[in-house]
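Below is one structure, written out as structure tokens; the observations come after it.
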């Protein structure tokens, strides 16, 4: 028997006032696969991620994530997903360790995991320093730690490598890359790079699905056309 | 859920300790207000009704500052989302914020009330009067904390945050002012009558209860989208 | 739901009842020995106050329904109820002030607990529209406005209680400011005026609901026919949309 898809969307719509931020989005993503979402600014990529993260409720259509239907079952799936958005969701006046400790307590995760992660992204030396003293790359690495701290099955990543230099990107790769084993939804502005790690590619424009295809079946050219 | 409330509360108190915003501002504001009252009322001392009024107005206006800052750190850091992503009952945030604000108000009073006694209060209240005053203030603080959390949560999402806190908060807190002022007037009067009529703590308690229930019922609608 | 039907009939009935009520108040009702003719403003002031207070509670009711169902139509009803009550509330304060001047020689008195409570309630509800205006996202605006309407609605009785208690110990006063203790000769005029005020509220409510519904439908039709471009972009607004 085939395992149920990690994400199943049918006619998902989310409005903002009169405009549609997302309109009639339909797709299915198997567990363990990676969906990469392309599209110009304002296309609805971040909105899609936030709906999947249970932060926004769908206005119409069906959204089933990790077996739970939104918004009704948001409660049961929240602890199994991790969001890395534009905002790192860290308090500048607290230290790296204190920030992670706060998140760990909210998710019911033990403290050993904090130290493991800090070491893995090479922030252990600066763990006691306040986050507002960190560089953008360091903040992003810490944000990654925050997102994966509770071992989520589904990772929602909004331009995850945005502030990272190549060495930083390499450090976080095992946590949020394909090797992590999690189902992933990633937004990207890089057609070639994004396509390389995708199993399924979604192109959005003005909240609508412009293209939806297995990554193997299309090329970067086609993605680039979205932006014109 | 208790764990979540404790975790949130620790974070609030830790943040305030590290980057003190609410308490020092409220304390300083209240002392300055007392000085302004001296000049505005043109009196060296106040007693009875007037003393109760000056104290309550000072505390009330100072709390407006605290309420304004209550959700500010979260809003700046995109922080409420971190909480919303956790598998935690939304009411945990309500409890944590209300408790934190209550704590800040108590800290404020630990500074402002002695300052008031030194700067403006004429008669010296007896120990019994002081104890009753503490009861009145604690009940009033509970009311301010609950209403303040609600108002703060509403205002932080708007563009006119600093304006809306007093505009919404002050009318809603007038019953607290009425009861607290009426209750403390005899306690701050010279001549040592120092009685506390039962109705004022009762009405304050009723107010606190009603708003606590309202806040519990409505808070989810303010944080969920 | 069509609000525009029977609007004219309702408006005519309202006008008739109100005129009748005022006529009775002017001519038939007894002249007050102390306060003279100005006391007759009571027939305007008290019905307005009662209807306004009910209007605020009515608004809280629709706000509860809005939060429970997510149906923005309920938010529109709450908005209209509250903003009409606010206008009536302004009328209450003005007529109350005139009455105070006639009765006690001052434009404002703190002794009348109903009037004082009303002032506080008015100040609170006056922030309803600025609150709405300062939230851009229409969904969020509606949700927050509903929370406010419910809190404010629950506040009204609490506030009344607290103010009443505060007054009882300064100036005990017995006042025929509500229908408790209303002398028989005043009753017909008073009840007719009260009925007229209720009808006035109902008429204005239907009128405003019809107007708003129509403009929303018009906008929605324009969008269907011409697409997004056919619409003039709507700026920020405090009124519920869509």
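Residue numbers (our numbering), protein chains in the order written: chain A, 1 to 228; chain B, 1001 to 1225; chain C, 2001 to 2242. Even for Gly, the Cβ is constructed at its ideal location relative to N, Cα and C.
Each residue's CA atom was taken as its position, placing residue 1126 of chain B and residue 1133 of chain B some 10 Å apart. In this structure residue 26 of chain A is in contact with residue 11 of chain A, their Cβ atoms being roughly 6 Å apart against a cut-off of 8 Å. Beta-bridge pairing by DSSP links residue 158 of chain A to A:187. Residue 2070 of chain C has its alpha-carbon roughly 13 Å from the corresponding atom of residue 71 of chain A. Identification of residues in the stretch 1079-1097 of chain B having a C-beta nearer than 8 Å to some C-beta of chain A yields 1079, 1081, 1082, 1083, 1084, 1085, 1086, 1087, 1088, given in sequence order. Look at the stretch 67-91 of chain A: it has no residue with a C-beta under 8 Å from a C-beta of chain C.
Taking 8 Å as the upper bound on Cβ-Cβ separation, chain C lies near no residue of the stretch 1042-1062 of chain B. Contact residues of the stretch 1175-1187 of chain B toward chain C are 1175, 1178, 1179, 1182 (C-beta to C-beta distance below 7 Å). Across the set B:1096, B:1047, B:1007, the C-alpha of B:1047 shows the shortest separation from the C-alpha of residue 1124 of chain B. Sequence-ordered contacts of the stretch 2108-2139 of chain C with chain A read 2137, 2138 [C-beta pairs closer than 7 Å]. Within chain A, the residues whose beta carbon sits less than 8 Å from that of residue 1073 of chain B are 91, 93, listed in sequence order. At the C-beta level, residue 1149 of chain B and residue 1215 of chain B come within 8 Å of one another. One Cα belongs to residue 2184 of chain C, the other to residue 2066 of chain C, and the distance between them is close to 42 Å. If you draw a straight line from the Cα of residue 158 of chain A to the Cα of residue 1090 of chain B, it comes to about 25 Å. Residues of the stretch 1148-1172 of chain B that bring their beta carbon within less than 7 Å of a beta carbon in chain C comprise 1150, 1154, 1157, 1158, 1159, 1160, 1164, 1167, 1168, 1171, 1172, in sequence order. Apart from sequence neighbours up to five positions away, the residues of its chain that approach residue 1161 of chain B with a beta-carbon distance below 6 Å are 1155, ordered along the chain. Against residue 103 of chain A, the close residues of chain B are 1082, 1086, in the order they occur along the chain (beta-carbon pairs closer than 8 Å). A straight-line Cα-Cα distance of about 41 Å links residue 201 of chain A and residue 2238 of chain C.
DSSP places residue 121 of chain A in the coil class of the three-state scheme, outside both helix and strand. In the DSSP assignment, residue 203 of chain A forms a beta bridge with A:38, A:211. Between residue 1116 of chain B and residue 1141 of chain B, the C-beta gap is not smaller than 8 Å, which leaves the two residues out of contact. Inter-residue distance for residue 86 of chain A and residue 1082 of chain B is about 12 Å (C-alpha atoms, whole angstroms). Not a single CB atom of chain A sits nearer than 8 Å to the CB of residue 2005 of chain C.
When DSSP states are grouped into helix, strand and coil, residue 2135 of chain C belongs to the coil group.
The beta carbon of residue 2115 of chain C sits closer than 7 Å to the beta carbons of 2096 from its chain, once the five residues preceding and following it are set aside; these are given in chain order. Contact between the stretch 164-174 of chain A and the stretch 130-144 of chain A is present: 3 or more CB-CB pairs across the two stretches fall below 8 Å. Identification of residues in the stretch 1004-1036 of chain B having a C-beta nearer than 9 Å to some C-beta of chain A yields 1004, 1006, 1007, 1008, 1010, 1011, 1014, 1015, 1018, 1019, given in sequence order.
Taking a cut-off of 8 Å on C-beta distances, the stretch 98-108 of chain A does not touch the stretch 60-70 of chain A, as fewer than three cross pairs fall below it. Comparing alpha-carbon positions, the option among A:7, A:31, A:94, A:211 lying closest to residue 51 of chain A turns out to be A:7. Those residues of the stretch 1192-1224 of chain B placed with their C-beta closer than 7 Å to a C-beta in chain C are 1199, 1203, 1207, 1210, 1214, 1218, 1221, 1222, ordered along the chain.
In the DSSP assignment, residue 13 of chain A falls within the unbroken beta strand (DSSP E) covering 7-16. Residue burial is scored here from C-beta neighbours: residue 2053 of chain C has at least 16 other C-beta atoms within 10 angstroms and is therefore classed as buried. By the criterion of a C-beta distance shorter than 8 Å, residue 1041 of chain B is surrounded in its chain by 1050, 1054, once the five residues flanking it on both sides are discounted. Put simply, the stretch 1058-1065 of chain B touches the stretch 1104-1116 of chain B. At least three CB pairs are less than 8 Å apart.
The stretch 2153-2164 of chain C and the stretch 1172-1185 of chain B touch, with no fewer than 3 CB-CB distances between them shorter than 8 Å. A buried status is given to residue 1007 of chain B, since no fewer than 16 other beta-carbon atoms sit within 10 Å of its beta-carbon.
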